[in-house]
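Shown next, in structure tokens, is the structure this report addresses.
Number of protein chains: 2
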Amino acid sequence: MIRVCRPFVMLTILSAIPTIFWLSLSVQGQASIRGFTAASQARETEVETKFKSIPSPEEERRQHRIFTAEPHIAGSKRNNELARYIADEWRKQGLEDVVIRRYDVYGTNPKRASLEMIAPTHYRATLREAALADDPDSKKSAISGSWFGMSVSGEVTAPVVYAHSGNPEDYELLRKNGITVKGKIVLVRYSNPYSYRGFKALTAEREGAAAILIYSDPAEDGYKKGKVDPDGPWGPEYHIQHGAITYDFVVPGDPLTPGWASVPGAKRIPIEQAKSAPKIMGLPLSWHDAKPLLENMDGPVAPPDWQGGLPIQYHLGGERVKVHLQIEMNNHIQPYYVVESRIRGAELPEEWVVLGNHRDAWVFGGVDPSSGTASMMEMTRALGQLVKEGMRPRRTIVICSWDGEEVGLTGSTEWGEQFADELRAKAVAYINVDEATSGPNFHGQAVASLAPMLVETTRSLQDPSGESLYEAWKATVAREKEQGKQTGQMNDSGLVDGALADTRIGSGSDHTVFLNFIGVPVLGLQFDGDYGVYHSAYDDFFWMNHFGDPEYRYHTLMSQLWGVTALRLASADLLPFDFATYAENVRQFVNEMAKGRDLGALDLNGLRKEIDSFEEAGQRLNESISRMLASGRIDAQLAEHLNHGMMQVERNWLNPEGIPGRPWFKHILYGARFTYAHLELPGLTEAVENQDWPTAQRQAEILRHALETNTKLLDALNNSIVGAK
Amino acid sequence: MIRVCRPFVMLTILSAIPTIFWLSLSVQGQASIRGFTAASQARETEVETKFKSIPSPEEERRQHRIFTAEPHIAGSKRNNELARYIADEWRKQGLEDVVIRRYDVYGTNPKRASLEMIAPTHYRATLREAALADDPDSKKSAISGSWFGMSVSGEVTAPVVYAHSGNPEDYELLRKNGITVKGKIVLVRYSNPYSYRGFKALTAEREGAAAILIYSDPAEDGYKKGKVDPDGPWGPEYHIQHGAITYDFVVPGDPLTPGWASVPGAKRIPIEQAKSAPKIMGLPLSWHDAKPLLENMDGPVAPPDWQGGLPIQYHLGGERVKVHLQIEMNNHIQPYYVVESRIRGAELPEEWVVLGNHRDAWVFGGVDPSSGTASMMEMTRALGQLVKEGMRPRRTIVICSWDGEEVGLTGSTEWGEQFADELRAKAVAYINVDEATSGPNFHGQAVASLAPMLVETTRSLQDPSGESLYEAWKATVAREKEQGKQTGQMNDSGLVDGALADTRIGSGSDHTVFLNFIGVPVLGLQFDGDYGVYHSAYDDFFWMNHFGDPEYRYHTLMSQLWGVTALRLASADLLPFDFATYAENVRQFVNEMAKGRDLGALDLNGLRKEIDSFEEAGQRLNESISRMLASGRIDAQLAEHLNHGMMQVERNWLNPEGIPGRPWFKHILYGARFTYAHLELPGLTEAVENQDWPTAQRQAEILRHALETNTKLLDALNNSIVGAK
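Now the structure itself:
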């Protein structure tokens with residue numbers, strides 16, 4: 079193990095160049111890098127230039143082909159082979175401490191399923207995704223049929239009710255029409271408006287339905303959106319959106335170990351007691367299989383916004399259409415594998431920048447997650463190459479390939495729960511890439527303290543359009559704002575006014591344990607576009623090569639962006655947090671929560687005052703740090719003190735009790751609704767929505783107190799700088 | 079010719095019964111009949127009871143089968159055979175003065191048409207309405223293909239633009255998207271919102287398009303509405319909505335004789351000078367033929383309200399899709415035939431109640447018009463039977479079978495223009511039935527002066543639901559109000575608040591010449607329902623027997639209603655006009671015209687005052703007439719004076735100059751937009767919309783003056799009653 083620290087040699091040389099030179103460079107167009115002295119920035123720019131030159135579209139495609147060659151669902155033989163492949167590759171690439179961690183978790187697999195309409199006519203659902211002539215992968219016999227992760231097994235014969243999106247208000251409308259779903263089977267569509275399929279299942283379970291069928295309406299992701307696969311990016315007739323229906327919005331990870339890791343010998347609760355395990359049968363359907371049911375339904379005509387894109391008139395149903403549904407699952411404890419590796423930090427190995435992407439896919443995972451996995455493999459190859467050339471970052475970069483993300487965010491959650499104490503002490507940030515790309519539109523998420531840093535980083539990268547990624551991002555945000563378009567698959571995040579980074583962070587991917595359970599600042603990077611084959615067998619290599627990213631340029635850009643962002647966090651002299659921005663963001667959260675709402679006797683004055691104080695402290699710290707960086711003189715001990723202090727800020731947003739009713743979710747600024755949609759100030763907001771004033775007042779006080787703690791922390795850090803002068 | 083006047087014998091007898099008896103009958107539940115003395119009412123009730131007992135569902139079906147047996151387009155051999163059949167039947171039924179009148183008009187027939195997409199792929203449009211397995215008529219080879227009446231012949235190869243509904247605002251949106259239609263072919267859909275296809279053609283012509291294709295989107299009349307033929311009433315994949323694109327909203331009838339009749343030796347203008355003759359090629363399409371064009375289009379995605387019910391994403395097009403369109407028409411002067419007959423009035427033969435229905439159909443005409451024709455044949459059989467039994471009405475009832483309604487309202491217009499002077503002198507009212515029934519929902523139209531009489535009449539008829547037609551009508555209006563549903567095929571009539579009768583009368587059927595050119599009060603009767611095969615080959619006997627009126631009960635009810643309404647108008651002692659209601663309606667028209675509009679310096683005070691005066695005069699006359707009828711003593715000479723005076727009121731609403739820009743349309747209260755939608759106070763409203771204040775002021779003055787004339791007329795009539803006492 080040779081550790082040649084060439085960059086520091088370079089640093090020494092470059093340090094000799096007068097600071098004024100770097101400052102003038104900044105002025106003349108070279109973007110300055112937040113958190114770096116001029117000297118460090120020069121080195122960093124050199125490193126980044128080298129780093130960015132390494133990932134190649136050809137290699138991205140080669141890796142993507144490997145990961146999309148076969149279906150690789152969590153727990154499958156192929157997915158475990160890919161874990162070993164990643165470990166082997168990483169070792170070859172020069173990554174260190176490569177280890178495969180095993181978690182024995184409650185896994186889910188299908189045995190068989192059948193769905194037959196027995197009245198008014200007979201129809202046997204295909205429950206299969208038919209082969210496309212142009213797409214050889216789609217012909218592979220290994221393609222699984224229709225199933226939902228964590229469905230229960232069972233058999234039922236019952237009438238079918240069309241319950242629109244399957245959200246609580248939809249059942250209200252059915253009730254108004256005299257239609258009950260008790261003991262019946264509800265047929266709902268995926269997205270109108272979007273909500274996580276697990277919440278649809280829980281809602282159906284609460285309503286007393288015997289089973290839930292969820293189908294992909296062409297109005298949402300099919301021909302109503304544009305050309306369908308193999309002629310375009312949208313979902314074809316037979317596409318099935320697989321997925322888990324786990325109630326991971328209550329508690330994610332292995333349902334048998336809620337809040338602790340599924341390591342050998344861990345305590346396990348019985349599945350019957352698991353809050354995140356559904357008690358209802360569920361099956362996803364293509365519209366091909368849903369249409370015969372919908373077009374035979376009786377009952378009132380469904381309201382206009384319930385009418386979908388199928389060439390029929392939608393009815394509420396309830397009596398005439400009867401189906402026989404049989405589902406046999408194979409849910410049992412089985413191993414999931416997380417692959418872990420690192421580039422040890424040259425100076426601060428006990429400070430970690432953590433990167434992760436999940437490996438498991440519902441079928442081939444063309445976009446989700448293998449575009450991210452391919453980008454990760456090129457990103458790690460480039461990191462390894464830097465190390466081989468002596469350019470090791472100051473801090474440790476930890477890279478993980480998660481397993482079972484698709485079944486309740488399981489791998490990352492178990493890993494996070496296992497190493498929670500260590501992460502609390504060491505983690506600077508977690509950067510998640512799930513789907514790297516389904517198109518050209520950049521979507522960057524960050525906790526507000528890191529939003530300015532993320533935006534700044536995009537100025538240093540070139541978008542395939544020829545402009546900087548920053549300019550391309552601005553154009554995308556402007557366009558999406560104009561279209562009133564929702565951003566992302568998983569939530570309807572609003573962007574901070576005028577800003578680019580999305581600071582509304584819900585759940586639905588592997589950042590969850592870091593942010594909500596441990597208090598690690600998170601970033602999420604993604605390119606998206608027209609994409610109608612999400613979680614289906616058609617999300618594959620063919621799709622990516624024809625629609626998503628045919629030239630793998632966005633894969634390559636993602637490798638560059640991900641790595642550069644990590645390198646900056648890993649090598650900054652002073653961590654690039656901006657707490658004044660954070661304060662401003664929290665103020666927006668409070669304003670949005672209060673807007674147009676009856677707040678009863680809830681007193682938010684103390685809270686608002688504390689936000690002002692936190693903002694002022696953040697501004698003072700920003701200024702002190704800027705001066706310190708501009709001076710070029712950084713005392714290592716002071717820097718460590720400051721950096722550890724700044725890392726603590728995010729931890730201080732956690733309430734050990736968790737938010738009311740969901741103790742696992744501890745962050746008081748960020749939460750997620752049961753739909754997976756972002757939910758700011760979750761404890762306070764939910765209490766206000768419920769008009770539960772004692773709880774609301776207590777949650778406001780918890781928030782005020784956290785702000786006070788962080789204000790004091792920032793003031794102490796600032797004083798340590800001023801005192802050091 | 080034996081004229082046995084048995085009713086008058088009966089009258090004499092009944093007159094002996096004390097008036098008080100009839101009054102008490104009225105109080106005890108026997109509806110009183112407006113315009114009748116108690117004695118006359120007794121006779122009328124007897125007559126009506128007899129009349130209503132005659133029409134039978136079996137006969138309605140038999141007649142309907144005869145009229146729907148073959149296609150019978152205007153000018154065709156079959157349609158002319160049917161004219162002879164009607165004349166023969168009428169003679170057998172006992173109708174008098176049966177005559178077939180010939181008009182040599184500019185007719186329209188297809189020779190051949192072809193439509194081929196030549197880029198980006200090849201598709202040859204079928205231009206045919208495919209046979210339905212269950213419907214034997216649909217297999218008849220005589221079924222014509224796709225064509226529009228009055229299209230010009232030509233050939234063009236050009237790109238296709240999707241122009242939504244083809245209304246002017248749609249071209250505005252295209253322009254905003256940088257898309258011009260000059261020299262291109264526009265593809266538009268029928269109804270969203272509804273506008274008459276001729277206006278779409280004129281708009282396309284004005285925009286410089288080379289041709290217009292109009293297709294039936296399943297969102298409007300197909301599977302998005304419900305089950306399609308042969309499983310339900312909505313339009314199937316291959317249905318083509320035929321129709322004329324004549325600009326009859328400028329001037330209806332034979333384009334070569336605008337404003338005079340096409341009798342032998344009549345002056346004819348060259349077709350090039352005819353304002354109502356389109357100069358553009360046009361072709362209707364089924365959605366089967368439109369889909370290949372729409373799904374291959376390029377250009378921006380069409381806005382949400384332009385997206386239709388086809389399983390594709392709609393684009394604006396403009397470049398990629400190119401078609402080769404060839405249309406050869408056979409437009410030339412040819413004879414149309416109007417069949418005319420009458421029941422001569424026993425006492426007042428020179429006062430006419432005119433009834434009419436058109437005979438010509440686009441193909442079989444199941445609903446349009448043969449349901450009306452069948453109802454007419456049963457109505458005339460019953461009238462003939464009354465005459466045979468000695469129950470002859472006091473006034474003459476004239477019954478006409480129009481021709482070429484579908485091609486610019488031609489037959490009725492030429493007939494009306496020929497007999498305009500006679501009608502001005504003699505016509506009490508015109509009662510139009512076009513489509514008798516496409517379902518169970520009654521829709522009754524009347525000029526406001528006859529609205530109370532029509533509503534009253536429906537109390538005397540039994541709906542198939544078991545309730546009175548009046549109660550069924552109330553339920554329909556309430557239901558349609560609740561659904562915010564548009565009423566009728568041809569317009570989006572609003573109903574007078576609280577009233578049942580629709581007093582917003584646009585164009586689109588044979589009442590037009592009577593109301594707008596001659597000033598005859600009109601009524602229109604129709605039952606409607608779910609009906610997606612309008613103007614297509616599937617509008618046939620099969621459709622009627624499975625969906626429209628399988629038991630012919632609404633046909634039967636229409637025969638009864640039509641006849642009873644005519645009998646009341648024909649035998650009333652004093653014509654049942656209500657001018658106070660008319661005044662209230664005109665006030666509503668003015669309020670609606672003014673509502674929310676910038677009226678500039680337009681002074682409506684004089685107008686409003688005159689409406690008040692007219693209303694008061696109407697109330698005074700109503701009271702005087704009521705008293706006169708209650709007294710039971712009607713002086714024949716005074717009655718004739720009053721009736722002729724009341725008939726004059728409608729004539730006084732005509733401005734001989736016509737409305738600005740459309741001299742043929744002379745009525746100042748009722749008009750139609752180019753879309754065929756009703757347009758109240760047409761001259762005034764259009765001037766206000768154009769902010770043309772001098773014209774608006776002049777139109778307001780014309781209206782005020784007409785009101786003043788009618789107020790004076792009513793006062794004179796009232797004085798003649800008071801003076802006679």
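If you read the protein sequences in the order shown, they are chains A and B. Just add 78 to the spot in the first sequence (first one is 1) and you have my numbering. Just add 78 to the spot in the second sequence (first one is 1) and you have my numbering. For each residue, glycine too, the CB sits at the ideal point set by N, CA and C.
Rounded to the nearest angstrom, how far is the Cβ of residue 320 of chain B from that of residue 613 of chain B, given a contact under 8 Å? Within the second sequence, the letter at position 242 stands for residue 320 of chain B. Within the second sequence, the letter at position 535 stands for residue 613 of chain B. About 5 Å; that satisfies the 8 Å criterion.
Cβ-based burial, residue 118 of chain B [other Cβ within 10 Å; buried from 16]: Translated into positions along the second sequence, residue 118 of chain B becomes position 40. By the 10 Å Cβ count, residue 118 of chain B comes out buried.
Check the C-beta distance from residue 367 of chain A over to residue 415 of chain A and give it rounded, since I have them as a contact under 8 Å. Start at 1 with the first residue of the first sequence, and residue 367 of chain A comes out as number 289. Start at 1 with the first residue of the first sequence, and residue 415 of chain A comes out as number 337. Not really, about 34 Å apart at Cβ, beyond 8 Å.
Going by C-alpha to C-alpha distance, which of A:703, A:780, A:729 and A:756 sits closest to residue 802 of chain A? Position 724 of the first sequence, counted from the start, is the residue given in the question as residue 802 of chain A. Out of A:703, A:780, A:729 and A:756, A:703 has the C-alpha closest to the C-alpha of residue 802 of chain A.
Contact check, residue 439 of chain B vs residue 448 of chain B, beta carbons under 8 Å: As a position in the second sequence, residue 439 of chain B is number 361, starting the count at 1. As a position in the second sequence, residue 448 of chain B is number 370, starting the count at 1. The answer is yes: Cβ separation under 8 Å.
Are the C-beta of residue 104 of chain A and some C-beta of chain B separated by less than 8 Å? Numbered from its first residue, the first sequence carries residue 104 of chain A at position 26. Annotation note: pLDDT 38 at residue 104 of chain A (below 50); position unreliable, coordinate value reported separately. The Cβ of residue 104 of chain A sits no closer than 8 Å to any Cβ of chain B.
Which residues bound the beta strand (DSSP E) around residue 507 of chain A? Position 429 of the first sequence, counted from the first residue, corresponds to residue 507 of chain A. Here the beta strand (DSSP E) through residue 507 of chain A covers 505-510.
Expressed to the nearest angstrom, what Euclidean distance is found between the alpha-carbon atoms of residue 196 of chain A and residue 624 of chain B? Along the first sequence, one-based indexing puts residue 196 of chain A at 118. Along the second sequence, one-based indexing puts residue 624 of chain B at 546. Whole-angstrom Cα-Cα distance: 26 Å.
First and last residue of the alpha helix (DSSP H) that includes residue 427 of chain B? For the purposes of this step, residue 427 of chain B is identified with residue 349 of the second sequence, where counting begins at 1. It is not in any alpha helix (DSSP H) - residue 427 of chain B instead sits in the beta strand (DSSP E) that spans 426-436.
Residue 591 of chain B, enclosing alpha helix (DSSP H) - first and last residue: Here residue 591 of chain B refers to the residue found at position 513 of the second sequence. No alpha helix (DSSP H) holds residue 591 of chain B; DSSP gives it neither H nor E.
Within the region 755-787 of chain A, note down every full beta strand (DSSP E) run reaching 3 residues or more, in order along the chain. 756-758
Assuming residue 638 of chain A and residue 539 of chain A are in contact, meaning their beta carbons sit under 8 Å apart, how far apart are those beta carbons, in whole angstroms? The sequence position of residue 638 of chain A within the first sequence is 560, counting from 1. The sequence position of residue 539 of chain A within the first sequence is 461, counting from 1. Right, the Cβ-Cβ distance comes to about 6 Å (below 8 Å), so this counts as a contact.
So is residue 38 of chain A buried or exposed if we call it buried at 16+ other beta carbons inside 10 Å? For residue 38 of chain A there is no data in the structure shown, the boundaries of chain A being 79 and 803.
So, is the C-beta of residue 799 of chain B closer than 8 Å to a C-beta in chain A? The residue you call residue 799 of chain B lines up with position 721 of the second sequence. Not closer than 8 Å to any Cβ of chain A, the Cβ of residue 799 of chain B fails to qualify, so no.
With a threshold of 8 Å, are at least 3 pairs of Cβ atoms found where one atom belongs to the region 470-480 of chain B and the other to the region 427-444 of chain B? yes
C-alpha distance - residue 365 of chain B paired with residue 216 of chain B, whole-angstrom precision: By one-based count along the second sequence, residue 365 of chain B stands at place 287. By one-based count along the second sequence, residue 216 of chain B stands at place 138. So the alpha carbons of these two residues sit roughly 18 Å apart.
Do you know how far the Cα of residue 773 of chain B is from the Cα of residue 566 of chain A? Sequence index remark: in the first sequence, residue 566 of chain A carries index 488 (1-based). Sequence index remark: in the second sequence, residue 773 of chain B carries index 695 (1-based). Only weak support exists for where residue 566 of chain A lies, its pLDDT of 31 falling under 50; the value from the coordinates is given anyway. Straight-line Cα distance between these residues: approximately 57 Å.
With DSSP collapsed to three states, give me the class of residue 175 of chain A. In the first sequence, residue 175 of chain A corresponds to position 97, counting from 1. Strand.
Where does residue 355 of chain B land, buried or exposed, given buried means 16+ other C-beta within 10 angstroms? The residue given as residue 355 of chain B occupies position 277 in the second sequence. The residue in question, residue 355 of chain B, is buried, as its Cβ has 16 or more Cβ neighbours within 10 Å.
Looking at chain A, which residues of the region 291-304 of chain B have a Cβ within less than 7 Å of any of its Cβ atoms? Taking 7 Å as the Cβ-Cβ cut-off against chain A, the residues of the region 291-304 of chain B that qualify are 296, 301, 302, 303 and 304.
Tell me which same chain residues have a C-beta within less than 6 Å of the C-beta of residue 789 of chain A, skipping the five on either side of it? In the first sequence, residue 789 of chain A corresponds to position 711, counting from 1. Result list for residue 789 of chain A: 691, 692 and 695, in chain order.
So with Cβ pairs under 8 Å, would you call residue 794 of chain A a contact of chain B? In the first sequence, counting from the first residue as 1, residue 794 of chain A sits at position 716. Residue 794 of chain A does not count as touching chain B.
Local conformation of residue 247 of chain B per DSSP, three classes: As a working note, residue 247 of chain B is residue 169 in the second sequence. Looking at residue 247 of chain B - three-state DSSP - the assignment turns out to be helix.
How would you write the range of the beta strand (DSSP E) that residue 519 of chain A sits in, first residue to last? Along the first sequence, read from residue 1 onward, the residue named residue 519 of chain A stands at position 441. First-last of the beta strand (DSSP E) with residue 519 of chain A: 519-524.
Under the three-state reduction of DSSP, which class applies to residue 305 of chain B: helix, strand or coil? To locate residue 305 of chain B, count along the second sequence from 1; it is residue 227. In this structure, residue 305 of chain B counts as coil in the three-state DSSP scheme.
Measure the C-alpha to C-alpha separation of residue 470 of chain A and residue 202 of chain A and round it to an integer number of angstroms. Within the first sequence, residue 470 of chain A is the residue found at index 392, counting from 1. Within the first sequence, residue 202 of chain A is the residue found at index 124, counting from 1. Approximately 60 Å between the Cα atoms of the pair.
Grouping DSSP H, G and I as helix and E and B as strand, with all else coil, what is residue 699 of chain A? For this step, residue 699 of chain A is matched to residue 621 along the first sequence. The answer is helix: DSSP assigns residue 699 of chain A an H, G or I state.
Return helix, strand or coil for residue 490 of chain A, following the three-state DSSP convention. As a first step, residue 490 of chain A is located in the first sequence; it is residue number 412 there, counting from the start. When secondary structure is reduced to three states using DSSP, residue 490 of chain A falls in the helix class.
Can residue 763 of chain B and residue 671 of chain B be called in contact, C-beta distance under 8 Å? Here residue 763 of chain B refers to the residue found at position 685 when the second sequence is read from its first residue. Here residue 671 of chain B refers to the residue found at position 593 when the second sequence is read from its first residue. Their beta carbons are under 8 Å apart, which means residue 763 of chain B touches residue 671 of chain B by this criterion.
Check whether chain B comes within 8 Å of residue 387 of chain A, counting only Cβ atoms and requiring the distance to be less than that. One-based indexing of the first sequence puts residue 387 of chain A at position 309. Taking Cβ atoms only, chain B reaches closer than 8 Å to residue 387 of chain A, which makes this a yes.
Those runs of the beta strand (DSSP E) which lie wholly inside the region 249-336 of chain B and span at least 3 residues: 263-267 and 289-293
Output the distance between the C-alpha atoms of residue 260 of chain B and residue 180 of chain B, rounded to the nearest integer angstrom. To locate residue 260 of chain B, count along the second sequence from 1; it is residue 182. To locate residue 180 of chain B, count along the second sequence from 1; it is residue 102. Using only the alpha carbons, I get a separation of about 41 Å.
Return the chain-ordered ranges of every beta strand (DSSP E) run that is complete within the region 108-187 of chain B and spans a minimum of 3 residues. 174-185
Can you name the residues that DSSP bridges to residue 227 of chain A? The count along the first sequence starts at 1 and reaches residue 227 of chain A at position 149. According to DSSP, which records beta bridges pairwise, residue 227 of chain A is partnered with A:322.
Of all Cβ atoms in chain B, is any one closer than 8 Å to the Cβ of residue 802 of chain A? On the first sequence, residue 802 of chain A is found 724 positions in, with the first residue counted as 1. Cβ-Cβ to chain B under 8 Å: no for residue 802 of chain A.
What residues from chain B crowd round residue 412 of chain A, counting only those whose CB sits closer than 8 Å? Sequence index remark: in the first sequence, residue 412 of chain A carries index 334 (1-based). Residues of chain B passing the Cβ test: none, with the nearest at roughly 41 Å.
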